[in-house]
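For reference, the structure is listed below as structure tokens.
Numbering (full-length UniProt numbering), first residue to last: 1 to 112.
Structure (structure tokens):
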């Protein structure tokens, strides 16, 4: 749970999805269970190991522009594949309280 300076709270969950395709339903089952666990604003960020749209993957017909992809198979030439697999999702309460997020948000600090 994150408590903001303005007194609002938000549940923030870091997530890593199953990398084996036949086990990915377990990741989505877990997210559904976590969603039912508590009311209020919720932000889930991480590597879901999913591609939601063909525009999130290149290596076939899409050209890479900038650093929009978060995974790279490190192969050379036409064998190279880049994908967007890191993302964040929020529930309706998050959107109602915050209206959305920009990445990185102004309060974000990376701690290693």
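Cβ atoms here follow ideal geometry from the backbone N, Cα and C, with glycine treated the same way.
On a predicted model such as this, the values are computed, not experimentally measured, just so you know.
Below 8 Å CB to CB, which residues in the same chain sit around residue i once its five sequence neighbours on both sides are set aside?
i          : result
residue 97 : 8, 10, 41
residue 75 : 81
Identify every residue that forms a DSSP beta bridge with residue i.
i           : result
residue 16  : 47
residue 117 : The requested residue 117 does not occur in the structure, where the chain is confined to residues 1 to 112.
residue 33  : DSSP output for residue 33 lists no bridge partner at all.
residue 72  : 82
residue 11  : 42
Between residue i and residue j, how many whole angstroms is the CB-CB distance? I'm expecting something under 8 Å.
i          : j          : result
residue 45 : residue 17 : Residue 45 to residue 17, Cβ: 12 Å. No contact.
Using 9 Å as the threshold, is the C-beta distance between residue i and residue j below it?
i          : j          : result
residue 30 : residue 94 : no
residue 91 : residue 81 : no
residue 32 : residue 50 : no
Excluding five sequence neighbours on each side, which residues of the same chain lie with their C-beta closer than 6 Å to the C-beta of residue i?
i          : result
residue 70 : 84, 85, 86
residue 27 : 17, 18
Tell me which same chain residues have a C-beta within less than 7 Å of the C-beta of residue i, skipping the five on either side of it?
i          : result
residue 14 : 45, 46
residue 34 : 13
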